[in-house]
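Below you'll find the structure, written out as C-alpha cells, and then a few comments.
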Amino acid sequence: MDLTPNDEQTVFQTATADWCRDNMPLEAARARPAGLWQQLEAMGWTGMTAPGMDLDHATEALVFAELGRFLAPVALLSSAVAARWTGATVKVALALPADGGARLFDGEGATHALGLFGGALGHFEIGEAPPSAPSLDQSATLTRIAGPLTIVAIDHPHAALHLQILAAAYAIGAADAARDMAAAYAQVREQFERPIGWFQAIKHLCADMAVRCAVARSQLYYAACALDAGDAGAAFHVAAAKRLADQAALDNGRANIQIHGGIGMTDEAYPHFCLKRAHLLQHVAPAERTALLAA
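With the numbering used here, the residue at position 56 of the sequence shown is 88, and numbering never jumps.
Here it is in C-alpha cells:
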C-alpha cells in the first residue's frame, strides 16, 4: 500500500487549492458570491465521484480536504456521494435526521437530499421545503422539514463509508484552516514589542494544532487507501479517521480563537467560522463508538 500521493493526485490537490484561493477565499464564507454553486459544478467537483471517472477514495479525500480548508458548501459532500451511488450529478442537499424529519443544509435549488438514517445511507425527494434560514455555521443555510420521509436506501456496504471519509476530509480542511489562521495571526499581532508567536505558550498551541492536523491527515489517507484496496478493516480505519478529524477540527477551532484573544470572540473576525464548521461536521456520518470498539 503506497501512502504517498502520486503526481496525478498532487495535481488535483494543488489545482483545487489554487482555485479555492482565487475564487472562494475564507472571507466568502460570510456571504456566498452569486453563482458559486454553478462554478463548483463547472469545475467538476460535484461529479468527480461519478461512475466512469475512475478516481479512487484517496484522490477524493485529498481534494475534499482542500475544499474543506476553504469552508466549501457542505452540499458538495452529499452531491459527490450521490453522484457515486445514484449517478445524479445535480445539487443534493445534506440531510441530518431530526425527530422523524430532517434538517437540510444548503438546500437551495436542490430537489433531493442525502444523509445517514439508522446507520444506512439514503436519499429522498425534498418536495416543497420551507425557506432556508441562517444556521449556526453562517457558511451554510438550514431548512427543517417534517416527516415522515420516504427514504430510498442505498444498499452497498461502502456507501455510508464514502460519506464518512469525505466528511472526515472536510473536517481536516477546517482544522488546517484554523491552524493556518492562528499561525498567521501570531506572526503579526505584537505584544511587549514582539510578535506573540515568539512566546512559548503560543508556540505550543500552534505546534499542537499542526500535530493534530498531521495525525488526522495520516489516518485519513491510510483509511482511503484501505478502502480502495478492499481491506477487511477499512470500516474501522474510516471511523478512526472521522473521529480524529472531528477532534482536530474542534480543538484547532478553539485554539485559534484563544490565540486571537479578544478579537477572536467577535463576529467580525473569522476564527469562529472554523469552529462552527467543526461543530456541524461532527454530526455528519459520526464515528460510532461501537465501530471503534469492535476492532
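Virtual Cβ for every residue (Gly too), placed ideally from N, Cα, C.
Shown here, leucine 168 sits in coil according to DSSP, grouped into three states, outside any helix or strand. Taking 9 Å as the cut-off, the beta carbon of alanine 206 is found no closer than this to the beta carbon of arginine 62.
Between alanine 256 and alanine 93 a beta carbon distance of about 4 Å is seen, short of the 8 Å cut, so the two are scored as contacting.
Put simply, the backbone Cα of arginine 176 is about 11 Å away from that of isoleucine 158. In summary, leucine 168 is exposed, with fewer than 16 beta-carbon neighbours lying within 10 Å of its beta-carbon over all protein chains present. The C-alpha of glycine 139 lies about 8 Å from the C-alpha of lysine 123.
Leucine 35 carries a coil assignment under DSSP once its states are collapsed to helix, strand and coil.
Distance from the CA of valine 106 to the CA of alanine 317, rounded to the nearest whole angstrom, comes to 13 Å. A direct Cα-to-Cα measurement between threonine 46 and glycine 179 gives close to 42 Å. Here glycine 133 carries a strand assignment [DSSP, helix/strand/coil]. Listed in chain order, the non-local C-beta contacts of alanine 165 below 8 Å within the same chain comprise Thr173, Leu174, Thr175, local neighbours out to five positions each way being set aside.
Glycine 154 carries a strand assignment under DSSP once its states are collapsed to helix, strand and coil. Inter-residue distance for arginine 116 and proline 303 is about 33 Å (C-alpha atoms, whole angstroms). For alanine 242 and tyrosine 217, the gap between their C-alpha atoms comes out near 15 Å. Secondary structure remark: continuous alpha helix (DSSP H) runs of at least 4 residues inside the region 248 to 313, in chain order: 266 to 292, 303 to 313.
In this structure the region 185 to 204 does not lie against the region 224 to 241, because fewer than three pairs of beta carbons, one per stretch, are closer than 8 Å.
DSSP places isoleucine 197 in the uninterrupted alpha helix (DSSP H) bounded by 191 to 220. For leucine 72, the enclosing alpha helix (DSSP H) stretches over residues 68 to 75.
When beta bridges are read from the DSSP output, phenylalanine 102 appears opposite no residue. According to the DSSP assignment, leucine 109 belongs to the alpha helix (DSSP H) that extends over 107 to 118. At the C-beta level, histidine 144 and alanine 114 come within 9 Å of one another. A check of alpha carbon separations from isoleucine 204 across Gly285, Ile234, Leu128, Trp77 identifies Gly285 as the nearest. Around the C-beta of asparagine 288, 16 or more other C-beta atoms lie within 10 Å, and the residue is accordingly described as buried. Rounded to whole angstroms, the separation of the alpha carbons of arginine 211 and alanine 152 is 33 Å. Annotation: alanine 271 to alanine 319 spans about 5 Å, alpha carbon to alpha carbon.
Classified as buried, methionine 80 has 16 or more neighbouring CB atoms from the shown chains inside 10 Å of its CB.
Contact between leucine 237 and glutamine 196 fails: their C-beta atoms lie close to 29 Å from each other, not under 8 Å. Where isoleucine 228 is concerned, there is no enclosing beta strand (DSSP E), because DSSP gives it neither an H nor an E.
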